[in-house]
Amino acid sequence: MKTVWILLVCLLYSGGAWCGVVPGSADFAAYGKLLEGKRVGVVANQTAVVGDVHTVDFLRSKGVNVACVFCPEHGFRGDADAGEIIGDYKDERTGLPVISLYGKKKKPAAEDLDSLDVLVFDIQDVGVRFYTYISTLHYVMEACAEQDVPLVVFDRPNPNAFYVDGPVMEKQYRSFVGMHPVPVVYGMTIGEYARMVNGEGWLKDGMACALTVIPCKGWRRDMTVELSCKPSPNLPDKISVMLYPSVCLFEGTVVNEGRGTETPFQVFGHPDLEGMPYTYTPRSIPGMCASPKCEGQLCHGMDLRDKYEEVRAGKRLRLDWLLAAYKNYEGQAPFFTSFFEKLAGTAQLRRDIEAGKTEDEIRAGWQPGLESFMQVRAKYLIYK
């Protein structure tokens, strides 16, 4: 039966990249008893699937009493723009109440958990510090710790788990796009990350929640994983997911990072980068980006769509793209915005670039922090 189940999962996940990989949500035998007879809340979005069935529907088909849903940035169905405020509402497909964690509050209130016996977290992460689902995880864990509600995390593969790189965040730059002292790319699944948040005392007052991680099966950290559905509107495919850690740093500059195109995070450009080889014009795209930077303006920059394999083989951030844009920029407005420090997690990266340091010199400054983080990280890894 086990072989038959693995083959079934291979058929359900497209492209062959998931063949043999079973997400934690699919392993009902591993967690069914934890939910039996309980009132269950589910923190999820459109990535919470078992094959082609949403995790909420899968749980209900197993007789689990799902009482409500909590949704992160982009909403329960994943169709809200980045940063778009989301209110509470009722899901049309299920009739379940949906409580927004990206609107008036980012943390479940005590009254939200009063009627629940256990909370389930099932969201596909991409392994990058400024991707806000791990910030939602933090606040969910904190609320569970305060209200003494157990949390079950259904683990999923991290498509960027094959490397660790970037500056470690400094505490003065803590925000919703960076809450913990980790590098830009941390090389852990969301289940491993939850273990680290608990174990390192990163919740308020050093609290820890009653945490159970349901591991995925058949996954290795060095695997290339093509996700079965896009984790957010502007990560539509494996290329955007792979390039996102590097290209997203442009969000802290005047340069457009591909939002407003069909290839977000696969191109970058600005009208005042005239010396660069690629041109495009960002536009408003409903459901992806309503008001991109440089909207309606011809941007010069780079097309990075053929860099997928280079990033995969290089196993590190592509800092050279940011350095090239800074060197070629001739605009009147400052290249960096105040948001850059929050994304980088430090002011040192901006200072180093403005000082004309080489990539090797910049990377040398990251190494002590990375080495310390790797020692912390090792304690919480599930997949060796």
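In mature numbering (1 follows the signal peptide of the UniProt record, and there is no 0), the protein residues as written are -19 to -1, 1 to 365.
Glycine included, each C-beta is placed from N, C-alpha and C at the ideal position.
Note that the coordinates shown come from a computational prediction; the quantities given were computed from them, not determined experimentally.
Taking C-alpha positions only, P148 is separated from F157 by approximately 17 Å. In the displayed model, F321 falls within a helix according to three-state DSSP. Exclusion of the five residues before and after S213 leaves H55 as the residues of its chain whose Cβ lies within less than 6 Å of its Cβ.
Contact between V165 and R110 holds, since their C-beta atoms are separated by about 5 Å, short of 8 Å.
Between the segment 90 to 100 and the segment 129 to 142 there are three or more C-beta pairs closer than 8 Å, enough to call the two in contact. When C-alpha distances from Y361 are compared across A90, D103, L16 and A175, the shortest belongs to A175. Cα atoms of S353 and D341: separation of roughly 19 Å, rounded to the nearest angstrom. The Cβ-Cβ distance between Y144 and K296 falls below 8 Å.
Taken in chain order, the complete alpha helix (DSSP H) segments of 4 residues or longer contained in the segment 323 to 349 are 329 to 335. Note that the segment 302 to 318 does not touch the segment 241 to 248; fewer than 3 beta-carbon pairs, one per stretch, sit closer than 8 Å.
No residue range can be given for L362, since it is assigned to no alpha helix (DSSP H) and is classified by DSSP as neither H nor E.
The DSSP-derived three-state label of A25 is strand. CA-to-CA, the gap between G312 and G182 works out to about 44 Å. Sixteen is the threshold: when 16 or more other Cβ atoms of the shown chains lie within 10 Å of the Cβ of M177, as they do, the residue is buried. Residue state for H251 is assigned as strand, using DSSP reduced to three classes.
Remark: three or more beta-carbon pairs, one from each stretch, lie closer than 8 Å, so the segment 4 to 12 and the segment 24 to 32 are flagged as touching. Cβ neighbours of F57 within its own chain (closer than 8 Å, five residues either side excluded): A25, N26, Q27, V50, D72 and V79. Boundaries of the alpha helix (DSSP H) harbouring Y120: Y114 to Q128, taken from the DSSP string. The DSSP assignment places 91 to 94 as complete runs of the alpha helix (DSSP H) inside the segment 63 to 116, in order along the chain (cut-off: 4 residues).
Each residue's CA atom was taken as its position, placing I343 and D333 some 6 Å apart. With fewer than three CB-CB distances shorter than 8 Å, the segment 269 to 283 does not count as touching the segment 190 to 200.
DSSP lists F249 as the beta-bridge partner residues of M283. Cβ-Cβ distances below 6 Å link K185 to E123 in the same chain, with the five nearest sequence neighbours on each side left out; the list follows chain order.
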